[in-house]
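Undergrad: Please read through the structure below; I'll follow up with questions.
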Amino acid sequence: METPTQQLYGALQIAYDHFNANLFDYSLPPVLFTTQRQKSVMGYFACNRWVDAKGEKCSEIAINPAYVGRSALLELLQTIVHEMVHCWQYEHGSPSRRTYHNKEWAQMMEDIGLMPSSTGRPGGKRTGQKISDYPIPGGLFIKECEKLVRQGFAFPWVDRFAVATASSVDNPLLGEIVESLDLDDELAEQLTANIDELMGEGVLAEPGENATVSKPKTRYTCPNCNLNLWGKSGLSVSCNDCQKVLVQNNK
């Protein structure tokens, strides 16, 4: 029986292998998947981030679990392929400075069926620092997503405290894109419904269920120059200029 870790990372590996075969002609090397809660991003690619005892290096693709539960499966697959294009460019192209999406990257995105866009919608800029994307109706990417889901692909685990985020594509556009494939309703829902909705009611925690009460910061004041510093209670800190111990002020 597979463990939750094997199930989660196994699903990511299945998606990677499927797209590597059908969108990149097996041209991408193995990568190491991680889950990282990094604010405001669904995922990222980091070249040669990992190394083993033999000195063999491996690049990383990170997925943000904080957003996955409230995203459509199609958006998760977009994120994986978006980062795979960065991997392709690192292996076979000419990447620009860190995090910049250049014309070569944008062209490869289009070639495999994803339209780069600074807004995640039609009309956005194709290149730049922060570039999202949306599936091209009838393009290779959306067709391969259909094949993957028909094979029974599903994402097995989500963070129960997933947060809502601005979707890379709005739901009406997702619907239009999927409609271009003339899919049956069940398959279309699998691609466009939020992943937590596909798992059933009550999967995610109720708002406030995991809310933690943040403790107020304590103020420390220099008795000589009135320098203030805020931190947790019980700190022992001094003012270097006055050589005085800062006094804790609980008011």
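Here the sequence shown is numbered in full-length UniProt numbering, starting from 1 and rising by one per residue. Glycine residues also receive a C-beta, built at the ideal position from the N, C-alpha and C atoms.
(1) Is K103 helix, strand or coil when you go by DSSP?
(2) So, for W157: in the same chain, excluding its five sequence neighbours on each side, which residues have a beta-carbon less than 7 Å away from its beta-carbon?
(3) Would you say S233 and T218 are within 8 Å of each other, going by their C-beta atoms?
(4) Have a look at A72 and L140 and give me their C-alpha separation to the nearest angstrom.
(5) Quick one: Cα of G138 to Cα of A53, how far?
(6) How would you write the range of the beta strand (DSSP E) that K57 sits in, first residue to last?
(7) Could you give the distance in angstroms between the alpha-carbon of K130 and the alpha-carbon of F24?
(8) DSSP three-state call for C225: helix, strand or coil?
(9) Assuming L77 and A15 form a contact by the criterion Cβ under 8 Å, report the distance between their Cβ atoms to the nearest whole angstrom.
(10) Are the beta-carbon atoms belonging to S117 and Y134 less than 8 Å from one another?
TA: Let's see:
(1) Assigned with DSSP and collapsed to three states, K103 falls in helix.
(2) Only P4, Q7 and L8 meet the Cβ criterion.
(3) Yes, the pair counts as a contact, with Cβ atoms nearer than the cut-off.
(4) Distance between the alpha carbons of A72 and L140: 19 Å.
(5) Those two C-alpha atoms are separated by around 45 Å.
(6) For K57, the uninterrupted beta strand (DSSP E) segment begins and ends at K57 to I63.
(7) Take the alpha-carbon of K130 and the one of F24: they are about 23 Å apart.
(8) C225: coil per DSSP, three-state reduction.
(9) With 8 Å as the limit, L77 and A15 qualify as a contact, their Cβ atoms being about 6 Å apart.
(10) Contact flag set, yes.
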